[in-house]
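Chemist: Count along the sequence shown from 1, then add 528; that gives the number in the working numbering. Positions of the beta carbon are idealized from the N, C-alpha and C atoms, including for glycine. Since the structure is predicted, the reported quantities are computational estimates derived from the model, not experimental observations. I'd like to ask some things about the structure below.
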Amino acid sequence: MFAKILFLALTIQSAFTFITGALGDIYDAREAASIAHMVLEHITGLGKLDRIVHKERKLTPEQNDALKHAIAALQRLEPIQYITGSAWFYGLEFNVTPAVLIPRPETEELVEWVVQDAAGKTDLRILDIGTGSGCIPISVKSALPAASVSGADVSEEALEVARSNSEKLKLDVNFFALDALNPQQMQALENYDVIISNPPYITQREQAEMQQQVWGFEPSLALFVPDNDALLFYRHIAVTALEKLNRGGFLYFEINEAFGKEVVTLLQGLGYEGITLKQDFFGKDRMIKAGIAV
């Protein structure tokens, strides 16, 4: 029945109804409708208003095939962002592939914190470690055009996505390869005024509590840390940042809500000053800022 319906000449309106029906057992009505709009915009190239105006327009055979593949992928729980190849973050549209994490709204709050703190400052040098799609450094560059901004990642595939985003959005960010767990590579870093990182922070035992849309499709390399060393990346990055941050510089982390106090204790033990633990808009411990003495 599914295939027969798809090979009929669907209109934009009937395609919307068909998508929401196909997703009814997976998502609630509101989320299914939101996904249907994203799928149809991706397939037709038309915005929501144009799709309303042209709701009786029939899909082409190519669009019909694309719709069929999109629904099959969604029913396998593949995230819509990987199907469309894009995600919005901080007012910008980023390319995304399964080589990178899908940008999250909570991370926008981290970017905004950095931007607010940096307002009015000049000649800043900013580095994002574990950059993925490049959403953090590119968004920072968009808000702080005078800053020199870089992003680093261990994954060459992720760096390709990040560079494509920098080129598409016409924002000059330098991307380079870096293994945050390699002391020699970390010691070779230049000095910066601000270092940011949203590193892997989900313990392996937490995987069972996550949605399959996350652990089944997003890169494990960017998500998980061992159960017995949840602060693995924070420790390596924070130790290096003590030497690589200029006087008066700041380190910003996105964190696992379950380990806020532990990260604060780690940073205190290393000698950081002015440590601030901040909650996201859900009221969960999500971000930390720590400073280097002037």
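What are the start and end residues of each continuous alpha helix (DSSP H) run of 4 or more residues lying completely inside the segment 733 to 820, in chain order?
Modeler: Fully enclosed alpha helix (DSSP H) runs of 4 or longer: 740 to 743, 760 to 772, 788 to 798.
Chemist: Cα separation between Thr804 and Ala594?
Modeler: Roughly 47 Å between the two C-alpha positions.
Chemist: Assign Gly811 to buried or exposed, taking buried as 16 or more other Cβ atoms, counted over all protein chains shown, within 10 Å of its Cβ.
Modeler: Exposed.
Chemist: Pairing CB atoms from the segment 675 to 689 with CB atoms from the segment 612 to 626, are three or more of them under 8 Å?
Modeler: Yes: at least three Cβ pairs fall under 8 Å.
Chemist: Give me the Cβ distance between Leu779 and Ala769, rounded to the nearest whole Å; I'm assuming they're in contact under 8 Å.
Modeler: Right, the Cβ-Cβ distance comes to about 5 Å (below 8 Å), so this counts as a contact.
Chemist: So, helix, strand or coil for Thr612, using DSSP?
Modeler: Correct three-state label for Thr612: helix.
Chemist: So, under 8 Å CB-CB, Phe703 and Gly658 are touching, yes? Tell me the CB distance rounded to an integer number of Å.
Modeler: Incorrect: roughly 12 Å between the Cβ atoms, too far for contact.
Chemist: When you compare only the Cα positions, how much space is there between Ala680 and Phe546?
Modeler: Between Ala680 and Phe546, the C-alpha separation is close to 42 Å.
Chemist: Can Ala675 and Val682 be called in contact, C-beta distance under 8 Å?
Modeler: For Ala675 and Val682, no; Cβs fall outside 8 Å.
Chemist: May I ask you to list the residues that DSSP assigns as paired with Lys586?
Modeler: Per DSSP, Thr539.
Chemist: Val581: buried (16+ other C-beta within 10 angstroms of its C-beta) or exposed?
Modeler: Burial call: exposed.
Chemist: Pull up the distance between the alpha-carbon of Glu640 and that of Ala705, whole angstroms please.
Modeler: Their Cα atoms are separated by approximately 25 Å.
Chemist: What does the alpha-carbon distance come out to for the pair Asn693 and Val701?
Modeler: Cα-Cα distance, rounded: 10 Å.
Chemist: List the residues that DSSP assigns as beta-bridge partners of Ala680.
Modeler: Paired residue(s): Ile657, Phe704.
Chemist: Taking the beta strand (DSSP E) that Gly620 falls in, what are its first and last residues?
Modeler: Residue identity check: residue 620 is Leu in the sequence provided, not Gly. Start and end: 620 to 623.
Chemist: For Val722, which of helix, strand or coil comes out of DSSP?
Modeler: Looking at Val722 - three-state DSSP - the assignment turns out to be strand.
Chemist: Out of curiosity, what's the CA-to-CA distance linking Gly611 and Glu695?
Modeler: As written in the sequence, residue 611 is Ile, which differs from the Gly given in the question. Their backbone Cα atoms lie some 21 Å apart in a straight line.
Chemist: Given this structure, state the Cα-to-Cα distance separating Thr650 from Ala601, to the nearest angstrom.
Modeler: Computed Cα separation, rounded: 46 Å.
Chemist: What residues in its chain sit with their C-beta under 6 Å from that of Asn774, if we drop five residues either side in the sequence?
Modeler: Only Asn719, Asp721 meet the Cβ criterion.
Chemist: In the structure shown, what three-state DSSP assignment does Ile630 receive?
Modeler: Ile630: coil per DSSP, three-state reduction.
Chemist: Considering only the alpha carbon of each residue, which of Glu771, Glu785, Lys772, Pro673 lies closest to Gly648?
Modeler: Nearest of Glu771, Glu785, Lys772, Pro673 to Gly648, Cα basis: Pro673.
Chemist: Rounding to the nearest angstrom, what Cα-Cα distance links Leu568 and Gln541 in this structure?
Modeler: Whole-angstrom Cα-Cα distance: 10 Å.
Chemist: Terminal residues of the continuous alpha helix (DSSP H) containing Glu559?
Modeler: Looking at the DSSP string, the run of the alpha helix (DSSP H) that includes Glu559 is 557 to 572.
Chemist: When you compare only the Cα positions, how much space is there between Thr793 and Ser670?
Modeler: Spanning the two alpha carbons is a distance of roughly 33 Å.
Chemist: Is DSSP giving Thr731 helix, strand or coil here?
Modeler: Note: Thr731 maps to strand in three-state DSSP.
Chemist: Would you report the Cα separation of Ile630 and Leu751, rounded to the nearest angstrom?
Modeler: Rounded to whole angstroms, Ile630 to Leu751 spans 11 Å at the Cα level.
Chemist: My understanding is that Lys772 touches Ile723, with C-beta atoms under 8 Å, so please give their C-beta distance in whole angstroms.
Modeler: Right, their Cβ atoms sit about 7 Å apart.
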